[in-house]
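The structure appears below as structure tokens.
Protein chains in written order, with the numbering used here: chain E, 17 to 380; chain P, 235 to 678.
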């Protein structure tokens, strides 16, 4: 049976995909601004929620916002951008439900809506209860939401629908890159959670608590580095298509950048470690400046790149998982195929145009 | 072409797919079963729990000076557990009555002292409490925003990040400050604290707050003074219990403290300390003008003689080479309270979490051209003239005006010559031989 129920083609999903990409970019920007709010400790710059000093969020006088204190500027800006992301998600839901009959995708975008509402409520509760713990949870859900938007970009893309990455590899070769990518995503997210504890350490915490989370963060960073190197190796050796190794290389490069940003954040916040300032003139001459732009940009970039790493890892997971969603026998047979065409498979309302075999010599 | 309403399941390319030879065209989608709503919610809850693990946000409250309490016990005798608890509770109650809490600080009135010059209640409010912004745009919680992570809520130098920092953040509770213009035992002037906040301390984690608005820095200065005064009062009350017996806090509850003689004693303790801080601004050591030959070759030569001589004896700690490699086994005043040469006592301090592991104080490497308290000649003059009591650097032994001419002690001109020599050291060949071109090194 081919397709007894209506499904979605790549053409249907074109606007869903475009909106998902815009949503992912906006979310990353939102994370950057949110990280800036934390860097400048401006989370309580506006003491009420969902209103801003009694005004409706969208009706707060723009002059007061633009020319007000910097804390107010970034906190209210964060709220406006958050609202814009919320509206984008609503738009995404509307477009998807209108143009696609794909049940999974429809509910997947509803999941994004639920997640963004949850995230907004967390942000609001953080303000209303003036709870720094909630600020940290809010900061931990943000990368998760970003990864979710990346996943939406992936499953609404042409390559997902096309399944062109199927051919050329036996199934057992496809499992390893997927497994490594999945573990990378998990490790990166755990690292983000630990990093949030470093960043949001309560002022009344004991030094032992901070020492524990910092050492855990550093150890995990080493593990992530080694693991991502492994992901690159697996991708180069076994990936079903050429895009996966490229993205794995970007992931590794970003990770190195992330390590540099992490070290930079530490030095700009706490000075040179390991007694360097007692031995070297360049270290001894360093005077830190509270609230300086280099510090704010470095630490904010560290937070943002962390989310970006998670997003890329999730993308790799889906890209490497895509061939595995095909029946093993089919994949084995397709490995012997030359050329591509489409077959359509509808399962649960989702139509999958797959790479299929054409008879040898066809088209020649 | 749209797939909606396409009963034949035509793909995006608009072609009818050909069946795979020998196989079914149907493909099973692994892992995508029923809608995973429950799993989704479970994952979210898990994330929230994981994210909040270990961060029950401890309450921001002033800690009792456990370090000094243990120190006093070592000096006299350990208290029975019940008396110890009584003492801790009474001391805590008394301190709250006198100085309030981190969220609601209070500063006691002292006769004859304008407390607005020492600890202005308005500025204290700006610096105290959690970080937020008033409707008027006025900031609140500046201390927690900028200082508490290192210096701690109580100002005990035991904020969460303290253990990673070298040197450890300053413990304000003794009222001791290193870089100041007043004589060793006196509190710093307002200007001294202002200078440190603006310039920061190079080579340490203490940043410059020059980007902060001036009123914010002022609020921080007043709050730091508040923590120092609070800490000094607490220490004096512990001494009164253990040493002088003026006020036995193991016996007297807050109610009994209302007895006139007890109130008078507490008032006098507070008044003494606050008065010293109020007068600090007038205690700055006067700086005479440098001699005419200051920083000339002759001045530097004289400074060198004094550096290695028996009176100034700088060489003892800063070393023959001035690299800070002379005396390196000493401890600063804060660490000495841990009795660092007695390991079992140190272990007791560390076990209670009242202190960080002791570290030796390192004399400054004078060839780095970095002077933490400022590199202006006047800064160095004050350092040498007054010493840095807290770090073990003694004040210069000064010749009185009426001393005979052959008195070997130092004059203010001598101090200036020492300043000249110290300032010349970074440019000495020994300081940067690696920067010389190769041919010059060979010639030498």
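C-beta atoms are modelled at their ideal positions from N, C-alpha and C, and glycine is treated no differently.
- Annotation: the segment 221 to 295 of chain E contains no complete segment of the beta strand (DSSP E) (minimum length 3 residues).
- Nearest in C-alpha terms to residue 562 of chain P, of all of P/586, P/441, P/599 and P/577, is P/599.
- Annotation note: the segment 419 to 474 of chain P contains the following uninterrupted alpha helix (DSSP H) runs of length 4 or greater, listed N- to C-terminal: 424 to 433 and 448 to 473.
- Taking the Cα positions, residue 556 of chain P is about 39 angstroms away from residue 586 of chain P.
- Residues of chain E with a Cβ closer than 7 angstroms to the Cβ of residue 292 of chain P are, in chain order, 218, 220 and 221.
- In the three-state reduction of the DSSP assignment, residue 193 of chain E falls in the helix class.
- Among the residues of chain E, none has a CB under 7 angstroms from the CB of residue 622 of chain P; the nearest is roughly 16 angstroms distant.
- Rounded to the nearest angstrom, the gap between the Cα atoms of residue 459 of chain P and residue 405 of chain P is 12 angstroms.
- Rounded to whole angstroms, the gap between the alpha carbons of residue 110 of chain E and residue 306 of chain E is 45 angstroms.
- Under the criterion of beta carbons closer than 8 angstroms, residue 107 of chain E and residue 35 of chain E qualify as touching, at roughly 6 angstroms.
- Approximately 4 angstroms separates the beta-carbon atoms of residue 588 of chain P and residue 301 of chain P; this is inside 8 angstroms, confirming the contact.
- Proximity of residue 604 of chain P to chain E, defined by a Cβ-Cβ separation below 8 angstroms, is satisfied.
- One thing to note: residue 67 of chain E has its Cβ no nearer than 8 angstroms to the Cβ of residue 312 of chain E.
- In this structure, the CA atom of residue 92 of chain E is about 20 angstroms from the CA atom of residue 153 of chain E.
- The beta carbon of residue 522 of chain P lies closer than 7 angstroms to those of 646 in the same chain, with the five residues before and after it left out.
- In the structure shown, residue 660 of chain P falls within a helical segment according to DSSP collapsed to helix, strand and coil.
- Not flagged as an interface residue toward chain P: residue 188 of chain E, since no C-beta distance is shorter than 8 angstroms.
- The continuous alpha helix (DSSP H) containing residue 611 of chain P extends over residues 611 to 620.
- Close CB contacts of residue 654 of chain P within its chain, under the 7 angstroms cut and outside five residues either way in sequence, are with 528, 529, 533, 534 and 537 (chain order).
- Shown here, residue 632 of chain P sits in a strand according to DSSP, grouped into three states.
- Sequence-distant partners of residue 141 of chain E (beyond 5 residues in either direction) whose C-beta falls short of 6 angstroms from its own C-beta, in its chain, are 150.
- Per the C-alpha coordinates, the member of E/69, E/130 and E/200 positioned closest to residue 242 of chain E is E/200.
- Counting along the chain, residue 87 of chain E sits inside the alpha helix (DSSP H) bounded by residues 86 to 115.
- Boundaries of the alpha helix (DSSP H) harbouring residue 323 of chain E: 309 to 337, taken from the DSSP string.
- The C-beta of residue 207 of chain E comes no closer than 8 angstroms to any C-beta of chain P.
- One finds 367, 371 and 373 in chain P with Cβ atoms closer than 9 angstroms to the Cβ of residue 85 of chain E, taken in chain order.
- Proximity to residue 619 of chain P across P/606, P/607 and P/644 peaks at P/644, based on C-alpha coordinates.
- Put simply, the backbone Cα of residue 651 of chain P is about 15 angstroms away from that of residue 631 of chain P.
- The DSSP-derived three-state label of residue 376 of chain P is helix.
- About 7 angstroms separates the beta carbon of residue 367 of chain P from that of residue 88 of chain E, a gap short enough to meet the 8 angstroms contact definition.
- Beta-bridge annotation (DSSP): residue 627 of chain P is paired with P/622.
- For the set E/61, E/208 and E/85, the Cα lying nearest the Cα of residue 139 of chain E is the one of E/61.
- The C-alpha of residue 549 of chain P lies about 28 angstroms from the C-alpha of residue 576 of chain P.
- Sequence-ordered contacts of the segment 391 to 419 of chain P with chain E read 392, 393, 394, 395, 396, 397, 398, 399 and 400 [C-beta pairs closer than 9 angstroms].
- For residue 324 of chain P, the enclosing alpha helix (DSSP H) has its first and last residue at 315 to 333.
- Here DSSP, grouped into helix, strand and coil, assigns residue 347 of chain P to coil.
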